[in-house]
Each structure stands twice: as structure tokens, then as C-alpha cells.
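Trainee: Position in the sequence shown (first residue = 1) + 34 = the numbering used here.
Where is the CB? At the ideal position from N, CA and C, for every residue including glycine.
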Amino acid sequence: MTDNAQPSNKRVREGFPRQRLVVVPANVHNRCHHLPMLGQLHVTHIGAFPSAPHHYVERKEGVPQAILIYCLKGRGFLELDDSIFPVGQGHVAIIPPGIPHSYYADADDPWSIFWIHFDGKQTMLVLQSLEVDACKPLLYVPDTEMMHQAFEEVYACLNYHYSDAGLLSMTGELIRLLSKIKLHHGNPRRKHQAVEDRIMDSIDFMERHLDMPVSLENLAARAGQSVSYYRKLFKRRTSLPPMAFFIQLKIRKACELLDQTNQSVKAIAEELGYEDPYYFSRLFKKTQGYSPTHYRNSIKG
35 MTDNAQPSNK RVREGFPRQR LVVVPANVHN RCHHLPMLGQ LHVTHIGAFP SAPHHYVERK
95 EGVPQAILIY CLKGRGFLEL DDSIFPVGQG HVAIIPPGIP HSYYADADDP WSIFWIHFDG
155 KQTMLVLQSL EVDACKPLLY VPDTEMMHQA FEEVYACLNY HYSDAGLLSM TGELIRLLSK
215 IKLHHGNPRR KHQAVEDRIM DSIDFMERHL DMPVSLENLA ARAGQSVSYY RKLFKRRTSL
275 PPMAFFIQLK IRKACELLDQ TNQSVKAIAE ELGYEDPYYF SRLFKKTQGY SPTHYRNSIK
335 G
């Protein structure tokens with residue numbers, strides 16, 4: 035424990051200048067549990083404290099949701115299972131459901147944070163994918179600008195006033211934020227950072243070429259690695275083989291186009307590099323569990 039790992043004598047849970055704090059209404063939360071896709075993962079609370087001196091939260095019984103806290107600047111502390119974890123700029127703190135905890139701002143350099151509570155059947159799988167638990171709750175994502183923008187994309191979905199489409203969009207943006215954490219977290223002193231930067235370059239390349247056929251051999255060559263070693267590195271970083279990840283990016287883009295445009299399924303398939311719309315539809319259904327038309331109707335309906 036450090037000298038500053040003590041809450042201030044003055045304890046403030048909320049009410050900070052320029053704070054944002056939204057709790058999804060209970061009836062909306064219950065509705066999410068009964069919708070096929072939202073029942074897997076959805077936001078229940080979201081907020082941000084640009085400056086939080088004397089901030090202190092204690093929950094002796096924990097909460098039913100997982101909690102994600104990101105520190106944009108300053109410092110704070112997280113207490114879990116009698117252990118104290120210092121939280122600084124760039125740290126992601128994940129608190130599993132049902133775990134007693136407290137967290138608080140540093141007395142001398144209080145933190146600026148945003149947070150999201152999320153729930154659903156996939157919550158524990160998300161935590162497993164991020165490799166966090168009560169004994170190891172911290173990750174490090176140094177790009178605060180990227181993380182702040184990702185949070186704002188989640189928060190902006192509140193403008194849809196809890197419509198099914200808005201809630202689905204919010205879940206999509208939450209998944210995108212979690213993906214950024216998964217892809218970018220790490221110790222900046224890692225010996226193989228340069229190699230992993232090449233993996234990130236590959237992902238950027240994929241995102242810029244969703245309309246083109248991209249081969250595993252081409253991706254490995256661009257990264258300067260053998261195919262087998264590149265595949266191993268990529269899967270270690272993303273939990274998916276390269277081509278499966280590329281398909282996921284394409285399908286995610288397809289979902290956006292189905293949701294936000296009136297383009298035909300055939301036109302969307304062509305935009306994503308699929309000449310055969312029937313093959314695209316089969317691939318979409320295999321990935322999402324719904325045909326493109328069914329997906330669009332469920333969003334718009």
C-alpha cells in the first residue's frame with residue numbers, strides 16, 4: 035500500500051462539475067434481457083467525471099453487473115478482496131459482478147474517469163477474453179484519446195431514447211470499445227511490442243480494404259512474418275485467426291449498412307467484396323444467427 039492509498043476524509047460519490055451519469059431505467063433493462071441480441075450484452079449505467087476530487091464509492095455486496103472504469107488522467111485506487119490496486123492514467127479497471135469493492139480518487143492527484151456497467155449472458159465470457167478477474171483487475175491502454183472517443187460513441191447512443199435500434203447500437207459501440215481494449219492493452223515495455231504493432235497495422239489494413247479480397251499470405255508478408263508464426267501472433271492478440279477476424283470486420287460493417295442505409299443486400303455484399311449475394315447471406319447468418327433481411331427487419335421493426 036502506498037502512502038496515498040487512503041480515501042480522503044471528505045467522501046463524495048457523485049455531484050462533480052460537468053459530470054455525466056445515466057442509469058438505464060429498470061423497465062428498459064428488463065426488456066434487454068428478453069431480446070435475443072441485447073440479452074447477450076447491454077449497458078446498464080454509464081457516466082463520466084471530468085474531475086473528481088474526494089471521489090469515493092464503496093459497495094459491500096458488489097453489483098450484479100460488471101463495471102469498467104477508465105482513468106483519463108490523475109490517479110485513484112481500487113480495492114478488491116483486501117488488495118489495493120493503484121489506478122493511473124491509461125489504466126482500465128474491470129470489477130466482476132458480485133464482488134465487494136471500493137474505489138476512490140487519489141487525495142493529491144484526483145482522477146478523471148469514465149465508467150460503464152454492463153450485463154448479459156456474455157458478461158463473464160467478456161471478462162475471460164480480457165483475462166481479468168478479482169485478482170487481476172487492471173489492464174493498460176495508453177491511448178486516452180482513442181478510449182475517450184470510444185466512450186463518447188457509446189454515450190451518443192443515448193440519443194436514440196432507448197429504442198431497440200438505439201440499444202443495439204449502444205451494445206455495438208460497447209463491443210467496439212471492449213475490442214479496442216483487447217487489441218491495444220499491454221505493458222509498453224514488452225519486448226515484442228514492435229511485432230505486435232505489425233498486427234495492429236494488419237488490422238488497420240483490413241479495415242481500409244473491406245471491399246477487397248485479402249489473403250493470409252499477403253497479410254503475413256506485410257507483417258514480415260511466416261504464415262504460421264503470423265497466424266499464431268494474430269490469434270494471441272485478438273483471440274481469432276486473421277481471416278476469421280477479417281470476416282468479423284466485414285460482417286460488422288454489413289450490420290452498420292443494414293441498420294443505417296436502405297441499400298439492398300446485394301449492394302452491401304458487393305460493397306464488401308462478395309460477388310455472390312447468396313454466399314454473403316449464408317456467411318452473415320452463420321456469424322450473426324440471422325439472415326441479413328431478418329437482421330434488418332429486427333433492427334427497423
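Name the DSSP bridge partner or partners of residue 153?
Mentor: According to DSSP, residue 153 bridges with 76.
Trainee: Could you tell me the boundaries of the beta strand (DSSP E) in which residue 168 lies?
Mentor: Here residue 168 belongs to no beta strand (DSSP E), and DSSP marks it neither H nor E.
Trainee: For residue 116, count neighbouring C-beta atoms within 10 Å of its own C-beta (all shown protein chains included) and say buried if the count is 16 or more, exposed if not.
Mentor: Exposed is the call here.
Trainee: Taking its Cβ as the centre, do 16 or more other Cβ atoms sit within 10 Å of residue 207, making it buried, or is it exposed?
Mentor: Under this definition residue 207 is a buried residue.
Trainee: So what does DSSP say about residue 112, is it helix, strand or coil?
Mentor: Residue state, collapsed to three classes: strand.
Trainee: Which ranges would you report for the alpha helix (DSSP H) in the region 280-315 if only whole runs of at least 4 residues count?
Mentor: With a minimum length of 4 residues, the continuous alpha helix (DSSP H) runs that stay inside the region 280-315 are 299-305.
Trainee: With a threshold of 6 angstroms on Cβ separation, who are the neighbours of residue 324 within its own chain once the five nearest residues in sequence on each side are excluded?
Mentor: Within the same chain, residue 324 has no close Cβ partners at all.
Trainee: Can you tell me whether DSSP reads residue 320 as helix, strand or coil?
Mentor: Residue 320: helix per DSSP, three-state reduction.
Trainee: Helix, strand or coil: which one does DSSP assign to residue 52?
Mentor: Coil at residue 52, not helix or strand.
Trainee: Ignore the nearest five residues each way along the sequence and tell me which others in residue 157's own chain have a CB closer than 8 angstroms to its CB.
Mentor: Result list for residue 157: 75, 99, 100, 131, in chain order.
Trainee: Evaluate residue 224 with the Cβ neighbour count: other Cβ atoms within 10 Å of its Cβ, from every protein chain shown; 16 or more gives buried, anything less gives exposed.
Mentor: Residue confidence is low: residue 224 scores 47 on pLDDT, short of 50, so the model does not pin down where it sits. Its coordinate-derived value is still stated next. By the 10 Å Cβ count, residue 224 comes out exposed.
Trainee: Which first and last residues belong to the alpha helix (DSSP H) in which residue 262 is found?
Mentor: 261-272 is the span of the alpha helix (DSSP H), which, as asked, contains residue 262.
Trainee: Among 52, 152, 140, 297, which residue has its Cα nearest to the Cα of residue 112?
Mentor: Considering only alpha carbons, the answer is 140.
Trainee: Looking only at its chain, what residues have a beta carbon closer than 6 angstroms to the beta carbon of residue 144, apart from the 5 residues adjacent to it on each side?
Mentor: Taken in chain order, the residues that qualify are 86, 87, 108.
Trainee: Where does the unbroken alpha helix (DSSP H) through residue 189 begin, and where does it stop?
Mentor: 178-190 is the extent of the alpha helix (DSSP H) around residue 189.
Trainee: Does DSSP put residue 102 in a helix, in a strand, or in coil?
Mentor: The answer is strand: DSSP assigns residue 102 an E or B state.
Trainee: Assuming the contact rule is C-beta atoms closer than 8 angstroms, residue 203 and residue 189 should be a hit. Round their C-beta distance to whole Å, please.
Mentor: That pair is no contact at about 11 angstroms.
Trainee: By how many angstroms is the C-alpha of residue 275 removed from the C-alpha of residue 222?
Mentor: With a pLDDT of 45 at residue 222, under the threshold of 50, the modelled position of this residue cannot be trusted; read the value that follows with caution. The alpha-carbon atoms of residue 222 and residue 275 are separated by roughly 24 angstroms.
Trainee: Identify whether residue 86 lies in helix, strand or coil by the three-state DSSP scheme.
Mentor: In the structure shown, residue 86 sits in coil (DSSP, three-state: anything other than H, G, I, E or B).
Trainee: Take residue 129 and list the residues in its own chain whose beta-carbon comes closer than 6 angstroms to its own, dropping the five residues that flank it on each side.
Mentor: Excluding residues within five positions, the ones whose Cβ falls inside 6 angstroms are 101, 135.
Trainee: Could you work out which residue in 79, 237, 73, 63 is closest to residue 264 when comparing CA atoms only?
Mentor: Checking every option, the nearest Cα to that of residue 264 belongs to 237.
Trainee: Rounding to the nearest angstrom, what Cα-Cα distance links residue 153 and residue 77 in this structure?
Mentor: Straight-line Cα distance between these residues: approximately 6 angstroms.
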